[in-house]
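Novice: If you scroll down you'll find the structure; I have some questions about it.
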Amino acid sequence: MMPIRNSAKAIIIQDDQLLAIKKEDQEGVYYILPGGGQEHGETFHQALIRECIEEIGQEVEIGDLILIREYIGQNHEHAAFDMETHQIEYMFLCTIKGRNTVIQNGLNPDEGQIGVEWLPLSDLLAYRLYPQAMRKQVINYHKGDKVPVYLGDIN
389 MMPIRNSAKA IIIQDDQLLA IKKEDQEGVY YILPGGGQEH GETFHQALIR
439 ECIEEIGQEV EIGDLILIRE YIGQNHEHAA FDMETHQIEY MFLCTIKGRN
489 TVIQNGLNPD EGQIGVEWLP LSDLLAYRLY PQAMRKQVIN YHKGDKVPVY
539 LGDIN
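Position 103 (the sequence shown) corresponds to 491 in this note's numbering; numbering is contiguous.
Set out below in structure tokens:
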């Protein structure tokens, strides 16, 4: 049995758009939040700063923890290859330190990462953005609505 993996993710909203990592698989283009796995001896904040530099080439200012989700692979559509995966993602509201900088792939992008893109919040539900249940929560949070912090085992 594999250990539970902790992951820190950045919710970066600027000008009513969400920053996302653009990836591609056999089903086409999809998006995920910047961030990744916590390494031994690293705090969530250290992990998130490192991951954002690697993936989007930018240092971030980390704000509040706003969403937590679990992903238990055996319970979802990709169970065939995710059977052993159990990950907990901690999603922090973040801002990019340099406002007028070009956002692009960092020096060590994720495997399969083909770009970085700003997704308009007004169209967010139309994008294949994972975790999909998080899309509505981000929209509601940005509108000022109260959202549950813990989203459960979702994809």
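Think of the CB as a built atom: it goes at the ideal place given N, C-alpha and C, for glycine as much as any other residue.
From a predicted model like this one, the values you see are computed outputs, not experimental measurements.
Going by C-alpha distance, which of Glu499, Gly503, Cys482, Phe480 is nearest isoleucine 491?
Specialist: Within the sequence shown, the letter at position 103 stands for residue 491. Ranking Glu499, Gly503, Cys482, Phe480 by Cα distance to isoleucine 491 puts Gly503 first.
Novice: State the Cα-Cα distance for the pair histidine 464 and arginine 516, rounded to the nearest angstrom.
Specialist: For this step, residue 464 is matched to residue 76 along the sequence shown. For this step, residue 516 is matched to residue 128 along the sequence shown. If I take the Cα positions, the gap works out to 15 Å.
Novice: Which term fits tyrosine 478, buried or exposed, when burial requires 16 or more other beta carbons within 10 angstroms of its beta carbon?
Specialist: Here residue 478 is taken as the residue at index 90 of the sequence shown, counted from 1. Looking at its Cβ environment, which holds 16 or more other Cβ atoms inside 10 Å, tyrosine 478 is buried.
Novice: From this set, Arg457, Ile401, Ile484, Lys410, which residue's C-alpha is nearest cysteine 440's C-alpha?
Specialist: Position 52 of the sequence shown, counting from 1, holds the residue named residue 440. Of the listed residues, the one whose Cα sits closest to cysteine 440 is Ile484.
Novice: Taking all protein chains shown into account, decide if leucine 453 is buried (16 or more other Cβ within 10 angstroms of its Cβ) or exposed.
Specialist: Within the sequence shown, residue 453 is the residue found at index 65, counting from 1. Answer is exposed; the Cβ neighbour count stays below 16.
Novice: Chain D beta carbons: is any one of them nearer than 8 Å to that of glycine 486?
Specialist: No chain D appears in the structure shown, which is made up of a single protein chain.
Novice: Thinking C-alpha only, which one of Ala468, Asp511, Arg393, Val535 is nearest glycine 425?
Specialist: The residue given as residue 425 occupies position 37 in the sequence shown. Comparing Cα-Cα distances from glycine 425 to each of Ala468, Asp511, Arg393, Val535, the minimum goes to Arg393.
Novice: Hey, glycine 500 and lysine 411: beta-carbon distance below 8 Å or not?
Specialist: As a first step, residue 500 is located in the sequence shown; it is residue number 112 there, counting from the start. As a first step, residue 411 is located in the sequence shown; it is residue number 23 there, counting from the start. Yes, Cβ-Cβ distance for glycine 500 and lysine 411 is below 8 Å.
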